[in-house]
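The following block contains the structure:
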């Protein structure tokens, strides 16, 4: 079975979970053909990413002559499909109302013909899309033009911040997958067709992360985070919590990642007098993350809802830390409590509460036997519900079931 995979940026450093899923599908027997809307701003460079980079087609990098020829092809060869898409487009423009999104939707319709033409040229049986926003705009029009059915995996900001036309996208898809029960319930509130909704969780390669031997606390105590430096990661709250702890404990915080909040975070570190306790380590290759996590006494990711409504789904890095046998602390946001069950597989506290975060960190410090017990349960939960090979196999079965419909 030939499955086209489409995402906004492949193989981006932040899209590890997508191209590893593609690799796993290929190992299961699918012929996976990667497409990306844009060239990544920061390329991943492990063996899986190099494989994707070798074969990926960048839809936005074609010339206007190619775009016009693709539209001409469908006008002449598939006129009914072409005018059907135009009808869809007009209805969608009316549904989302006047504004920048209307212009964006027209732009994405223009490029949908390029993807549709490639789907026919490669004789694809199915098109799968990651993220329900811009990539799915292109995919749903390309699907109508080409006759190749599509499915979606929706994550977080593509639903909560940029979730336009969700009910229509669900209805037009063969199936519409999302990564948590929380997300499924949200989609139902958007009048999505529940019969087309599935929950297949994001997976992690359980062979890549191994639990370390339980050990005494480091001196100083090592707290770590791997995250984009953006508002929804709650790092300002974490810095406040750290400032409440440093007088009593020898404790250090290391943050791997980069992003638009970097300057503000550095300013906040200075204002709180945490220059010796907190280190911003910048972006690091994914291949180094497992080793970094092994050095920690706890992993903390205090996610919160950003001012624009953006929030995390279930961050894969939490699964990686849990598999490593490291106690984790996170917050009651979106699907995170489905992974980090409070007081069972980790501490899951109220978001935007530095006091609750500091209390949870102290819990890991002082309740060592309980922390070890939670870490063991966390490993089992990830292996049972978030294993990449198992969840990808579920997805492939969906492709096979719908691919011939």
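Residue numbers (the numbering used here): 6 to 410. The C-beta atom is built at its ideal place from N, Cα and C for all residues, glycine as well. No experiment lies behind these values; they were computed from the predicted model shown.
For residue i, the nearest candidate out of the options (CA to CA)
i           : options            : result
residue 181 : 405, 133, 149, 148 : 133
residue 228 : 162, 363, 199, 39  : 363
residue 271 : 196, 259, 285      : 285
residue 367 : 41, 305, 283       : 305
residue 178 : 265, 86, 148       : 148
residue 203 : 213, 212, 58, 191  : 191
residue 324 : 382, 240, 371, 273 : 382
residue 55  : 288, 223, 328, 39  : 39
residue 338 : 188, 213, 256      : 188
residue 294 : 46, 131, 51, 152   : 51
residue 358 : 243, 276, 114      : 243
residue 69  : 115, 42, 46        : 115
residue 319 : 335, 78, 131       : 335
residue 232 : 205, 18, 343       : 18
residue 121 : 314, 104, 62       : 62
residue 45  : 74, 76, 13         : 13
residue 109 : 155, 84, 167, 156  : 167
residue 213 : 95, 307, 296, 397  : 296
residue 283 : 269, 365, 256, 307 : 256
Cβ neighbours of residue i in the same chain (closer than 8 Å, five flanking residues each side left out)
i           : result
residue 361 : 354, 355
residue 395 : 208
residue 72  : 115, 116, 118, 119
residue 265 : 234, 235
Contact belief for residue i with residue j at Cβ below 8 Å, rounded distance in angstroms
i           : j           : result
residue 127 : residue 7   : 7 Å
residue 423 : residue 222 : Outside the shown range of the chain (6 to 410) lies residue 423, about which nothing can therefore be said.
residue 165 : residue 340 : Actually they are not in contact, since the Cβ atoms of residue 165 and residue 340 sit about 11 Å apart, beyond 8 Å.
residue 163 : residue 138 : 4 Å
residue 399 : residue 205 : 5 Å
residue 183 : residue 158 : 7 Å
Neighbourhood of residue i by C-beta, 7 Å cutoff - its chain only, sequence neighbours within 5 removed
i           : result
residue 378 : none
residue 106 : 169
residue 321 : 22, 207, 209
residue 117 : 143, 146, 147, 150
residue 401 : 30, 33, 35
residue 67  : 119
residue 347 : 353
residue 298 : 229, 304, 325, 326, 329, 331
residue 57  : 15, 16, 24, 27, 39
residue 248 : 277, 279
Exposed unless 16 or more other CB atoms sit within 10 angstroms - verdict on residue i
i           : result
residue 82  : exposed
residue 406 : exposed
residue 292 : exposed
residue 100 : exposed
residue 80  : exposed
residue 141 : buried
residue 220 : exposed
residue 224 : exposed
residue 391 : buried
residue 123 : buried
residue 410 : In this prediction, residue 410 has a pLDDT of 48, which is less than 50 and means its spatial position is unreliable; what the coordinates show is noted afterwards. Counting Cβ neighbours within 10 Å, residue 410 comes out exposed, since fewer than 16 surround it.
residue 290 : exposed
residue 389 : exposed
residue 300 : exposed
residue 238 : buried
residue 186 : exposed
residue 20  : buried
Through-space distance from residue j to residue i, alpha-carbon basis
i           : j           : result
residue 385 : residue 312 : 35 Å
residue 25  : residue 53  : 6 Å
residue 250 : residue 258 : 11 Å
residue 236 : residue 309 : 8 Å
residue 129 : residue 91  : 23 Å
residue 60  : residue 173 : 31 Å
residue 404 : residue 9   : 11 Å
residue 211 : residue 387 : 8 Å
residue 254 : residue 226 : 8 Å
residue 263 : residue 234 : 5 Å
residue 276 : residue 252 : 16 Å
residue 77  : residue 111 : 17 Å
residue 345 : residue 160 : 17 Å
residue 131 : residue 333 : 38 Å
residue 93  : residue 171 : 14 Å
residue 246 : residue 87  : 56 Å
residue 376 : residue 216 : 14 Å
residue 351 : residue 103 : 45 Å
residue 370 : residue 48  : 37 Å
residue 74  : residue 317 : 40 Å
Chain-order list of residues whose beta-carbon lies under 6 Å from that of residue i (same chain, five-residue window excluded)
i           : result
residue 260 : 230, 285
residue 175 : 181, 197, 198, 201
residue 65  : 42, 43
residue 288 : 263
Residue i CB to nearest heavy atom of the ligand PLP below 7 Å
i           : result
residue 399 : Summarising the ligand content, the structure contains no ligands, and the ligand PLP is consequently not present.
CB contact below 8 Å: residue i versus chain C
i           : result
residue 227 : Chain labels in this structure do not include chain C; a single protein chain is all it has.
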